[in-house]
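Chain order of the listed sequences is A and B. The opening residue of the first sequence carries number 2 in the working numbering; numbering runs sequentially from there. The opening residue of the second sequence carries number 2 in the working numbering; numbering runs sequentially from there. For glycine and all other residues, C-beta sits at the position ideal for the given N, C-alpha and C.
There are 2 protein chains.
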Amino acid sequence: MIRFYNGRLLTMVNGVAITGDEVWTDGDKIVYVGPYRSPMPSFEREINLDGNVLMPGFKNAHTHSAMTFLRSLADDMPLQEWLYEQVFPREEKLTAEAVYAFSKVAILEYLTSGITANFDMYFFYDAFVKANIECGFRTVMCGSMNNFDPDPTQLERDFVRFNQVHPLIGYRLGFHAEYTTSLDRMEYVASLADQYKVPVYTHSSETRRETEECKKRYGKTPTELLESLNLFRYGGGGFHSVYLTESDMDIYQKRGVFAIINPGSNLKLASGIAPVCKMMNKNIGLAIGTDGPASNNALDMFREMYLVSVLQKLSNQDASACNGEKVLEMATVGGARAMGLHECDTLQEGKQADMIVIDMHRPNMQPINHITKNLVYSGSKDNVKLTMIAGKILYEDGKFYVGEKVEDIYARANAWTRKIMEG
Amino acid sequence: MIRFYNGRLLTMVNGVAITGDEVWTDGDKIVYVGPYRSPMPSFEREINLDGNVLMPGFKNAHTHSAMTFLRSLADDMPLQEWLYEQVFPREEKLTAEAVYAFSKVAILEYLTSGITANFDMYFFYDAFVKANIECGFRTVMCGSMNNFDPDPTQLERDFVRFNQVHPLIGYRLGFHAEYTTSLDRMEYVASLADQYKVPVYTHSSETRRETEECKKRYGKTPTELLESLNLFRYGGGGFHSVYLTESDMDIYQKRGVFAIINPGSNLKLASGIAPVCKMMNKNIGLAIGTDGPASNNALDMFREMYLVSVLQKLSNQDASACNGEKVLEMATVGGARAMGLHECDTLQEGKQADMIVIDMHRPNMQPINHITKNLVYSGSKDNVKLTMIAGKILYEDGKFYVGEKVEDIYARANAWTRKIMEG
């Protein structure tokens, strides 16, 4: 058991109030939240929070972790050139070992940003699972089925297998996007959703061009198309969700589909700004993702939270738009629910001990005026003092506890990057 | 003398090439830049950079440091309410002691973000100077004269006095803005600029409303008005510079006026996006500021650099717009030149030793593909390993060396904040 005491608890149970000062964990779970209580059990470690904030970890609800190898290799170029000349030809050279190497670099960065789970879409999932289990990181993988897959039924086998592989690992039904997946294959995904009564996730409405081309092809927006295929019968999510019509948003609302937005990536690739305020007004579920490091390039939920809010202020021409505290909910509770991690959303007894400590003794949190606004508008990786997943401390005071030396992880990733670039 | 070795030097001398691996300082100056050389003098300290990047510190070219007391106290509200209900009434209660207390919090945050000098506009400059000298921080103050000053000629006395007070302190002629300063008073500033042959700085063209009202009042844009008053005969700068016409930009170009842009503040207050690409094309001098912590709320040049670039990609609908490396130049060399700190712009022999160490052993810099793009697109405070000003190390490995305990600085700032809020 581990005891955290003398802190400020941001439980996220009912919004963003700060209450209580003590949390106990046992194994992978939170077993007590509240004020000092006696008698106390014997703890293997007691951590004096010294006024720091203990809160649920951030949930990175859309990413492509292994793309760290492309970080800062293809910046400042047009989208098509980026995709067809930089990204695709290099991804063709990927191996399982390379994905394993690159994913570990991403996991380290998640830990520095207080991210305790991610929702990942990529290839070589066995290698990716190995990297996560070795580090102790929590991941939910998303099916990325498309027309290039030799056998679409692999999706069902992956769904069944990966959901049973390890407590830290999950898998959700998904496909890459309507523009890379045939109607037949999307109908097959819908049939699986029906069979298992589960949600479906896909890239949707990321760019104007994509939505225009969908309308030309099908006479429907991407969302209308997915709805017509009955893909969202058990909910799900649309990654990006930038170009949504009123009718699209009504479908999201009616079906309980989450809009999983990626402001950093959408800015850097000049895609646009998702209509977050409109979706908030319609009570649509919202979550935040970094997208992959090739297009962001950081994997930093502080930057994403900040962007979600200020881009709404800009696009609505209203400095009061998009309350920062709503954004904090998106990044924690919203993300957990979008990914189906209902045991990882809040600090409550019985929940998974996926928690972070925010250092209030750093100048960007001083003076202490309004902690939750401060987290969103001036918080940074510099404030992440500790990251715990399933009751295990994986990151503390700048050091990593992920089963091997970080310099070995870096060396492996650099070697594989060189091999792919030169090979 | 201090020796840095075994690093990567980003000198910023001719753009952003990485060359050499060794820098020596003596007193406040850089005395050697290049490869290993013998014989070596005796050093008081030798720092193994272990592959990390040594580069000039960032220059925060527009801020209001003491506004830390308002950080996170007035977020998510309309601009007018923010200014008239939250900011102005509280600023009226400020004292010199309070400004001293609040400025030190800002200085600590600058150090965590690798900022080695700022260009500050506020009140109680004697108290501000004291805070900077005690910490060892470099500051250039900007005159903030306006109609509320009892005696406009104080500007000249401040200009003369503060430029002689200490090697770390500078002062430039300036006034708050055309909308708070009468024609008479602006003409007086122009006469001082003429007398001393020096540049003039002011807030200009921050919001659409401000520029429209100026046109109504004077039949001219703010820039045209300032030009007609001959204020820019020796150059200067416009803080914000969001709403500039082609003709305004031509005046900037012709007069050597710097556009000192503040993307974070302009987003949060829903003001807009400065036309950075257009100004780059016209070869206008560009620099970056955080603006004050009431409107940003962080004092973080990594966030500002990132925003400068990605907001251009968004507003130009072109992912190749605004090369990240140009932004790195704005944040270092551009800022130094805008503020008149010509001895603090690059890593070269004879320049001031205002330098930072960027930690490459953090996951957001891995794998090592393209260091300068990486700094702009995924760099963060987490990468600042050391900040040196005038040859003194003020921040290293998360710890501050500013003459007093940071907890004492925090306690004083919190006490003054409570006094102002409750008083």
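For the beta strand (DSSP E) that contains residue i, what are its first and last residues?
{"i": "Ala-288/A", "result": "287–289"}
{"i": "Glu-188/B", "result": "Per DSSP, Glu-188/B belongs to no beta strand (DSSP E); it is in the alpha helix (DSSP H), 184–197."}
{"i": "Asp-121/B", "result": "116–121"}
{"i": "Thr-69/B", "result": "Taken as a continuous stretch (DSSP letters only), Thr-69/B belongs to no beta strand (DSSP E), as it is neither H nor E."}
{"i": "Tyr-6/B", "result": "3–6"}
{"i": "Lys-60/B", "result": "59–64"}
Output needed for residue i: all residues of its chain with C-beta closer than 6 angstroms, excluding positions within five of it in sequence on either side, in chain order.
{"i": "Phe-125/B", "result": "Ala-97, Val-100"}
{"i": "Ile-261/B", "result": "Ala-62, His-63, Gly-238, Phe-240, Ala-288, Gly-290, Ala-339"}
{"i": "Tyr-202/B", "result": "Cys-143, Arg-173, Gly-175, Gly-237, Gly-238"}
{"i": "Asp-346/B", "result": "Val-334, Ala-337"}
{"i": "Ser-266/A", "result": "Asp-292, Ser-296, Asn-297"}
For residue i, return the contacting residues in chain B, with the cut-off set at a CB-CB distance below 9 angstroms.
{"i": "Thr-113/A", "result": "Arg-363, Pro-364, Asn-365, Ser-381, Asp-383"}
{"i": "Ser-242/A", "result": "Under the 9 angstroms cutoff, chain B gives no residues; its nearest Cβ is about 17 angstroms from Ser-242/A."}
Using a C-beta cutoff of 9 angstroms, does residue i count as contacting chain B?
{"i": "Val-32/A", "result": "no"}
{"i": "Tyr-411/A", "result": "yes"}
{"i": "Asp-301/A", "result": "yes"}
{"i": "Tyr-307/A", "result": "yes"}
{"i": "Ser-66/A", "result": "no"}
{"i": "Phe-59/A", "result": "no"}
{"i": "Gly-290/A", "result": "no"}
{"i": "Ser-206/A", "result": "no"}
{"i": "Glu-408/A", "result": "yes"}
{"i": "Leu-329/A", "result": "no"}
{"i": "Asn-298/A", "result": "yes"}
{"i": "Phe-103/A", "result": "yes"}
Step through the CB atoms of chain A and report whether any lies within less than 9 angstroms of the CB of residue i.
{"i": "Asn-148/B", "result": "no"}
{"i": "Arg-304/B", "result": "yes"}
{"i": "Pro-294/B", "result": "yes"}
{"i": "Trp-83/B", "result": "yes"}
{"i": "Gly-265/B", "result": "yes"}
{"i": "Val-106/B", "result": "yes"}
{"i": "Thr-246/B", "result": "no"}
{"i": "Pro-42/B", "result": "no"}
Would you mind telling me which residues of chain B sit closer than 7 angstroms to residue i, beta carbon to beta carbon, in chain order?
{"i": "Ile-369/A", "result": "Asn-415"}
By the DSSP assignment, the alpha helix (DSSP H) with residue i in it spans what residues?
{"i": "Trp-83/A", "result": "Here Trp-83/A belongs to no alpha helix (DSSP H), and DSSP marks it neither H nor E."}
{"i": "Thr-203/B", "result": "Counting along the chain, Thr-203/B falls outside any alpha helix (DSSP H), though it belongs to the beta strand (DSSP E) covering 201–205."}
{"i": "Tyr-307/A", "result": "302–316"}
{"i": "Val-161/B", "result": "155–163"}
{"i": "Ala-128/B", "result": "126–136"}
{"i": "Glu-47/A", "result": "No alpha helix (DSSP H) holds Glu-47/A; the beta strand (DSSP E) holding it covers 46–49."}
{"i": "Arg-338/B", "result": "336–340"}
{"i": "Cys-215/A", "result": "209–219"}
{"i": "Thr-113/B", "result": "97–113"}
{"i": "Cys-278/A", "result": "277–282"}
Which chain A residues sit within Cβ distance under 9 angstroms of residue i?
{"i": "Glu-135/B", "result": "Ordered by position in chain A, no residue passes the 9 angstroms Cβ test against Glu-135/B, which lies about 15 angstroms from the chain."}
{"i": "Phe-440/B", "result": "With chain B running from 2 to 424 in the structure shown, residue 440/B is simply not present."}
Run through chain B and tell me which residues come within less than 8 angstroms of residue i, C-beta to C-beta.
{"i": "Ala-271/A", "result": "Lys-314, Leu-315, Asn-317, Gln-318, Asp-319, Ala-320, Ala-322"}
Can you name the residues that DSSP bridges to residue i?
{"i": "Thr-388/B", "result": "Ile-357/B, Tyr-396/B"}
{"i": "Ala-260/A", "result": "Gly-239/A, Leu-287/A"}
{"i": "Phe-176/B", "result": "Met-146/B, Thr-203/B"}
{"i": "Glu-430/B", "result": "Because chain B spans 2 through 424 in this model, residue 430/B falls outside it and cannot be assessed."}
{"i": "Glu-23/B", "result": "Gly-35/B"}
{"i": "Met-56/B", "result": "Ile-357/B"}
{"i": "Lys-30/A", "result": "Asp-27/A, Gln-353/A"}
{"i": "Ile-170/B", "result": "Thr-140/B"}
{"i": "Arg-9/A", "result": "Val-54/A"}
{"i": "Phe-401/B", "result": "Tyr-396/B"}
Give the interface partners of residue i over in chain A, defined as CB-CB distance under 7 angstroms, in chain order.
{"i": "Asp-76/B", "result": "Gly-325, Lys-374, Tyr-378"}
{"i": "Glu-110/B", "result": "Pro-364, Asn-365"}
Ignore the nearest five residues each way along the sequence and tell me which others in residue i's own chain have a CB closer than 7 angstroms to its CB.
{"i": "Ala-295/A", "result": "Met-68, Leu-71, Arg-72, Ala-75, Val-88"}
{"i": "Val-32/B", "result": "Trp-25, Thr-26, Glu-350"}
What in chain A is Cβ-close to residue i, meaning under 8 angstroms?
{"i": "Thr-418/B", "result": "Pro-368, Asn-370"}
{"i": "Leu-440/B", "result": "Residue 440/B is absent from the structure shown; chain B starts at 2 and stops at 424."}
{"i": "Pro-1/B", "result": "There is no way to answer for residue 1/B, as the model of chain B reaches only from 2 to 424."}
Skipping 5 residues on each side, what residues in its chain have a beta carbon closer than 8 angstroms to that of residue i?
{"i": "Phe-401/A", "result": "Leu-109, Leu-112, Leu-395, Val-407"}
{"i": "Phe-44/A", "result": "Met-2, Ile-3, Arg-4, Trp-25"}
{"i": "Thr-212/B", "result": "Ser-206, Thr-222, Pro-223, Tyr-244"}
Taking 8 angstroms as the cut-off, is the C-beta of residue i nearer than that to any heavy atom in the ligand NAP?
{"i": "Arg-38/A", "result": "As far as ligands go, the structure on display features none, and thus does not contain the ligand NAP."}
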